[in-house]
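*Asks:*
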Amino acid sequence: QVQVVESGGGLVQPGGSLRLSCVASGSIFSRYHMGWYRQAPGKQRELVAHITSFGTTTYAGSVKGRFTISRDNANNTVYLQMNSLKPEDTAVYYCSARDPTLVTTWGKGTLVTVSS
């Protein structure tokens with residue numbers, strides 16, 4: 116069974132940067148489609164960024180140009196580099212891993228707080 120663990124959240128001032136990491140277990144990580152989602156208080160979970168097994172990326176309009184998703188298949192890790200952070204980026208960030216059988220596994224999330 117795939118396990119997904121996020122890390123890297125914390126408190127950052129507006130305009131600052133953070134890099135989130137997500138490690139997914141399994142010997143076929145390179146075949147997983149990986150995503151970062153976020154859920155702010157009182158709001159629904161939304162897609163932030165996605166990277167396919169081929170490396171194709173997509174971004175939510177609100178983060179395009181500020182966030183970058185990347186993957187390191189050798190270390191079973193996907194990253195989310197977040198720059199120019201805004202208070203509205205405050206949320207719990209979740210990582211998802213979708214395997215070739217289309218089963219999606221979620222991590223428990225990591226909290227990002229953008230505040231002065």
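Letter 11 of the sequence shown, counting from 1, is numbered 126 in the working numbering, and no numbers are missing. Cβ coordinates follow ideal geometry from the N, Cα and C atoms, glycine included.
Terminal residues of the continuous beta strand (DSSP E) containing A114?
*Replies:* Look at the range of the chain in this structure, 116 to 231, and you will see that residue 114 is not part of it.
*Asks:* Do you know offhand how far A189's Cα is from H165's?
*Replies:* A189 and H165: Cα-Cα distance of roughly 19 Å.
*Asks:* How would you call G180, buried or exposed, if buried means at least 16 neighbouring beta carbons within 10 angstroms?
*Replies:* So G180 counts as exposed.
*Asks:* Taking L135 and W151 to be in contact with their CB atoms under 8 Å, please state how far apart those CB atoms are, rounded to whole angstroms.
*Replies:* Contact holds; Cβ gap of about 7 Å.
*Asks:* Report back the beta-carbon spacing between E121 and T220 to the nearest angstrom; my notes put them in contact at under 8 Å.
*Replies:* With 8 Å as the limit, E121 and T220 do not qualify as a contact, their Cβ atoms being about 12 Å apart.
*Asks:* Look at S211 and P129 and say whether their C-beta atoms are less than 7 Å apart.
*Replies:* Going by C-beta atoms, S211 is not nearer than 7 Å to P129.
*Asks:* For A139, report the span of its beta strand (DSSP E) as first-last.
*Replies:* Its beta strand (DSSP E) spans residues 133 to 139.
*Asks:* DSSP three-state label for S122, please.
*Replies:* Looking at S122 - three-state DSSP - the assignment turns out to be strand.
*Asks:* Let me check understanding here. Comparing Cα to Cα, which of L200, S132, R186, D214 lies closest to V138?
*Replies:* If we check each option's Cα against that of V138, R186 comes out closest.
*Asks:* Would you mind sorting V218 into buried or exposed? The rule is 16 or more other CB atoms within 10 Å of its CB.
*Replies:* Exposed is the call here.
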